[in-house]
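Numbering (the UniProt record's numbering), first residue to last: 1 to 1233.
Rendered as structure tokens:
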């Protein structure tokens, strides 16, 4: 303990020369206890944080090691995928094909089994690729390169997707053409060195042979092809290939083959002309093969017709002219042609296929997950049945055309914004809707654009589309389980509904999928929206109805409110209703009467889930929020996940909640969204991985966890819904499950998409909601019971991973306050000067060293550690370090420091006063500018007031304690505190789009003045009047108990320290330490308050009718002020520095009066002093707003600041788009003028 020795010295010192009036000057009595408290108080709080920091470090290390053992990140790039793709089909068969072991015992032919399993893999893989094409993540060309052929009996090698074989044939041709040796073995050795090249050469050769033989009708012409191929095969076996074939003829043959395949794939109008063109090119190909490539080609032709004596020209005309032209329309044969065409024509490397980063992420994660530890898949009929439940209130379902084209203040629409953010996907979308094969009508374009935009937002339509992939996956899995070998080889998409067996197979698959999967969306006010005449409400109803009609298996539950007569009295009756899509409208399935309105009993969202849970079915229940998404390839793994319920963990216990990882898909929108995405990703991966194993304190943190439905509906449901205390209803279901003997696990081989808040204000509202929820958890019985029942180590794990994190955040802020107030006491009292004269104390760095810990917490490094580890694990540590540096350059530390203030404020307020409430965050696209008044209303109490208080503390300390600064470490600590102040005061404006644009700054100032000057708060919205907002900010004091009010008053007393200390340092005090100096300062304060009261009364009394009298009053007061100041300067020795010091002394005192007045509001209203408090508060708000606004004005003068901020906030494409839109807007204005 480095502070023990200095503490002993301090307690033994005798200090007599105090710089203020000391009530207990005898140090032998007090032992300088004030100094000891000032030094030790922040240190003791730091010790509370130390364990949190060590937990963050060790959990990061252990989580990374555990993730590596779970095979996370083994395939994280396309290059890694290419190198391991050969083992992907076998891993797929092992993990996702049911009964593989039994099948291998039954089937003695390994080749048949491998071929069948690869065919099954290709079915799933291709449906995965098709789904990404329909989502516009990949282009048509990329789709063709990624598809795997179902199976072909014509090819002896495994047919890999073309993106692995791209450019292999052209390279092999160049190798053969340029080969100078005469030994076959050397050439073949070169080709065999690349497994994919060897596979491509063999497949190309065998596929071409099959295509030609199938195309030709004449047996003797087929015999010619067979003889040529026999000659090739025999020469390779006898190693005389180079001596019997000319390699120089291969390029010409390749060119002709390319034209031949292009012609086979082209559309035609005149069948005779088309057939003639094919015959001509085919004859040219055979001419090149037999004359330019083969040495003995003419002999083969002669052997085929030894008795015909026609001329050479006649032979050419007669040979190869009988072809099956109808074969060009056969789907299976055409797919072979397409694939061969790709193998021959793709000359550039496909290393960057696909280009889209999201498509790459999905492909690599799916491939990687096949090598992770997961249960074997059962057959569909043997799997556990499950339901998905999504609560919905008033969020967006599908964006309307008007919303897509509605311009914001910069002239930017949502559609324009998304076109710039996702340019590749927009191009793919346009290619898709213009494809004649898909048959989209031109009239459907607007609807398709609405869907395209909505599928990139956080909308219900995106969630429903994603969840319905479960049903598609189950249908495909049923087909693979029960279809015959020929059907599997032909492909799932080739099922002919006119064929009875295929029709039965498809209908059986759909029926079993409906039995195993149910999707219920709990649209709480669907009934009210149906009856509403409001345009938006009606639009939501129609969009939900359209979803039910599009997805027949979708069910919607809602609360129906009706007026019914009971005992001849009209009463409101409530029902839970379940509906489905009918022919054109919804059809009611069930109606259950409720004892009352459920949303008035508890919180809205959990009650919305609770009333609908009765309509779910099956053994498992997955809760999905309406800002989530799902992917086809992940849906395919659902039956594996459900098997986890049947696995025993830690003895004989079966899990009751299966935790799944999430992918945050909103990370590409802005830098803030990227920070939030990384933070959330680290929590739902490495964070929850550690919580589940080895700590065993994972709970339910929200969607998309899967519940043991039977366990939970018999133990209180999946949502606790008591008002206020269960604001964070999700985690209470985890507490409930654990308290009742349940067990929670976490699984990372499957993931679900998740949208997060993407704007500063949205993120802050979310953090406030979570902090409020943690405050209520701290006060709840559930946490108390868990703490009592856990063993010591599990209790610590529970604490530091739940409420402890927020308590530590609050302690971090309190440490700064205690440190600065302790130093304020020491500096103003003169104790610091006396004590630091002792060299032993001066050389002690214990306090600074301990406070360095606080800086680590404050800068968000605890959150960054797991981020870097998880990014390093899944994407490589070079990428992790690069991302870390870019995040710092984009001011991530400013963001995390700001959110530290949010957590501390709302957690602390909930602990003191309770009364947390749900805060709607909004889930739109952040392309708008938040006004200064909006930011001030949101952050005034949580950040700005506290930030300005720290500014005053630091300024006072810098002014009166400047000569005592010594160590570099101390400088770092002070710098970190100034950084915290800067973050709290200006982060909302730094991360505000167009926050430093001059015109917007002017508009913000006008709006701010209008808001501050609007008097009268009754009945006005908070964004219309300062008084309404100010009254709303004190709502927590209206419902708090006497303890809360007393605590508020005690906390406010700290502001009186400034006045007491600083007045003794004024030059006008002439070094006096008398208590009369402090008394005179109160006389000055009372006079200032009296003047303020006179102005307030004068404004009310004289008003608009007697403006002259009011002006005379203000003039008299001004003359009196000037006279007093003149006397003080001339007679009493007042200096300019005293004026500035007086501001630092008296401003905090006035603010203390405001805070104490708010706490004593009922009493002040009784004595008629409340209006004065309100006027005093208004004056302070004006000054605070001006202090914060001035730096924004100064920075807005410089245009480059606004440009830099835009680059900081948004990606480069949107920055270009933003500038273009401004130029266009300027041109429009010019042209109109």
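Beta carbons are placed, not taken as given, at the ideal position from N, Cα and C, and that holds for glycine. Predicted, not measured: the structure shown is a model, and the values here were computed from it.
Output the boundary residues of the alpha helix (DSSP H) element that contains residue 463. Here residue 463 corresponds to residue number 463 of the chain shown, with the count starting at 1. 460-467 is the extent of the alpha helix (DSSP H) around residue 463.
Closer than 6 Å by C-beta to residue 813: which residues in its own chain qualify, once you throw out the five before and the five after it? Chain order, please. For the purposes of this step, residue 813 is taken as residue 813 along the chain shown, with counting starting at 1. 904.
Is DSSP giving residue 89 helix, strand or coil here? Counted from its first residue, the chain shown places residue 89 at position 89. Here residue 89 sits in helix by DSSP.
Return the residue from the list 454, 1001, 256, 356 that minimises the CA-CA distance to residue 280. Looking up residue 280 in the chain shown gives position 280. Looking at the Cα atoms, 256 is the closest of the given residues.
For residue 753 and residue 571, believed in contact at Cβ under 8 Å, the rounded distance: The residue you call residue 571 lines up with position 571 of the chain shown. The residue you call residue 753 lines up with position 753 of the chain shown. Not confirmed; about 44 Å, so no contact.
Hey, how far is the Cα of residue 10 from the Cα of residue 829? Translated into the one-based positions of the chain shown, residue 10 becomes position 10. Translated into the one-based positions of the chain shown, residue 829 becomes position 829. Their backbone Cα atoms lie some 15 Å apart in a straight line.
Of all the options 987, 972, 954, 950, which has the alpha carbon lying nearest to the alpha carbon of residue 932? Taking the chain shown and counting its residues from 1, one reaches residue 932 at position 932. Comparing Cα-Cα distances from residue 932 to each of 987, 972, 954, 950, the minimum goes to 987.
Please classify residue 1160: does DSSP put it in a helix, a strand, or coil? Position 1160 of the chain shown holds residue 1160. Correct three-state label for residue 1160: coil.
Let me check one thing: in DSSP terms, what residues is residue 707 bridge-paired to? The residue you call residue 707 lines up with position 707 of the chain shown. Answer is 621, 657.
Looking only at its chain, what residues have a beta carbon closer than 6 Å to the beta carbon of residue 314, apart from the 5 residues adjacent to it on each side? Position 314 of the chain shown, counted from the start, is the residue given in the question as residue 314. Caution is warranted here: a pLDDT of 49 is assigned to residue 314, below 50, making its placement in the model unreliable, and no coordinate value can be reported.
Shortest alpha-carbon distance to residue 250 belongs to which of 364, 1034, 287? Numbered from 1 along the chain shown, position 250 holds the residue referred to as residue 250. Ranking 364, 1034, 287 by Cα distance to residue 250 puts 287 first.
Contacting residues, own chain, Cβ-Cβ under 7 Å from residue 284 (five flanking each side not counted): On the chain shown, residue 284 is found 284 positions in, with the first residue counted as 1. Result list for residue 284: 256, in chain order.
Are three or more beta carbon pairs between the stretch 773-787 and the stretch 669-688 nearer than 8 Å? no
Beta-carbon contacts of residue 530 that lie in its chain and below 7 Å, excluding the five residues immediately before and after: Within the chain shown, numbered from 1, the residue matching residue 530 stands at position 530. Here the set comprises 541.
For residue 587, which three-state DSSP category applies? Looking up residue 587 in the chain shown gives position 587. In the structure shown, residue 587 sits in a strand (DSSP, three-state: E or B).
In the DSSP assignment, find the beta strand (DSSP E) that holds residue 52 and state where it starts and stops. Within the chain shown, numbered from 1, the residue matching residue 52 stands at position 52. Careful: residue 52 lies outside any beta strand (DSSP E), inside the alpha helix (DSSP H) at 33-69.
Where does residue 1143 land, buried or exposed, given buried means 16+ other C-beta within 10 angstroms? Here residue 1143 refers to the residue found at position 1143 when the chain shown is read from its first residue. Exposed, by the Cβ-count rule.
Residue 896, enclosing alpha helix (DSSP H) - first and last residue: Looking up residue 896 in the chain shown gives position 896. Its alpha helix (DSSP H) spans residues 892-913.
With DSSP run on the structure shown, which of helix, strand or coil describes residue 1067? Counting from one through the chain shown, the residue named residue 1067 turns up at place 1067. Reduced to three states, the DSSP call for residue 1067 is helix.
Could you tell me which residues DSSP pairs with residue 388 in its beta bridges? Within the chain shown, numbered from 1, the residue matching residue 388 stands at position 388. Paired residues: 519, 622.
Below 8 Å, can you find three or more Cβ-Cβ pairs linking the stretch 883-896 to the stretch 352-370? no
Express the C-alpha separation of residue 215 and residue 516 in angstroms, rounding to a whole number. In the chain shown, the residue the question calls residue 516 occupies position 516. In the chain shown, the residue the question calls residue 215 occupies position 215. So the alpha carbons of these two residues sit roughly 46 Å apart.
Does DSSP put residue 1013 in a helix, a strand or coil? For the purposes of this step, residue 1013 is taken as the residue at position 1013 of the chain shown. In this structure, residue 1013 counts as helix in the three-state DSSP scheme.
So what does DSSP say about residue 346, is it helix, strand or coil? Indexing the chain shown from 1 puts residue 346 at position 346. Looking at residue 346 - three-state DSSP - the assignment turns out to be coil, as it is neither helix nor strand.
Starting from the Cα of residue 785, find the closest Cα among 341, 739, 476, 664 and give me that residue. Against the chain shown, residue 785 aligns to sequence position 785. Ranking 341, 739, 476, 664 by Cα distance to residue 785 puts 739 first.
According to DSSP, is residue 377 helix, strand or coil? Within the chain shown, residue 377 is the residue found at index 377, counting from 1. In the structure shown, residue 377 sits in coil (DSSP, three-state: anything other than H, G, I, E or B).
Alpha carbon to alpha carbon, what distance is there between residue 1196 and residue 1187? As a first step, residue 1187 is located in the chain shown; it is residue number 1187 there, counting from the start. As a first step, residue 1196 is located in the chain shown; it is residue number 1196 there, counting from the start. When rounded, the distance between both Cα atoms is 15 Å.
Using only alpha-carbon positions, find the residue among 612, 760, 715, 938 that is nearest to residue 676. Position 676 of the chain shown, counted from the start, is the residue given in the question as residue 676. Nearest of 612, 760, 715, 938 to residue 676, Cα basis: 760.
Residue 745: first and last residue of the uninterrupted beta strand (DSSP E) it sits in: The sequence position of residue 745 within the chain shown is 745, counting from 1. First-last of the beta strand (DSSP E) with residue 745: 744-754.
Per DSSP, which one or two residues make a beta bridge with residue 649? Mapped onto the chain shown, residue 649 falls at position 649. Answer is 653.
Element boundaries [beta strand (DSSP E), containing residue 555]: Within the chain shown, the letter at position 555 stands for residue 555. Where residue 555 is concerned, the enclosing beta strand (DSSP E) stretches over 554-566.
Considering only the alpha carbon of each residue, which of 574, 552, 614 lies closest to residue 585? In the chain shown, residue 585 corresponds to position 585, counting from 1. Comparing Cα positions, the closest option is 552.
Would you say residue 176 lies against chain D (beta-carbon separation less than 8 Å)? Absent from the structure is chain D; it holds one protein chain and no more.
If you drop the 5 nearest sequence neighbours on each side, which residues of the same chain put their C-beta closer than 6 Å to that of residue 119? Counting from one through the chain shown, the residue named residue 119 turns up at place 119. Closer than 6 Å at Cβ, skipping near neighbours: 150, 151, 488, 489.
Does residue 945 come out as helix, strand or coil in the three-state DSSP assignment? As a working mapping, residue 945 is identified with position 945 in the chain shown. Helix, per DSSP.
Shortest alpha-carbon distance to residue 375 belongs to which of 95, 475, 168? For the purposes of this step, residue 375 is taken as the residue at position 375 of the chain shown. Here the closest residue by C-alpha is 95.
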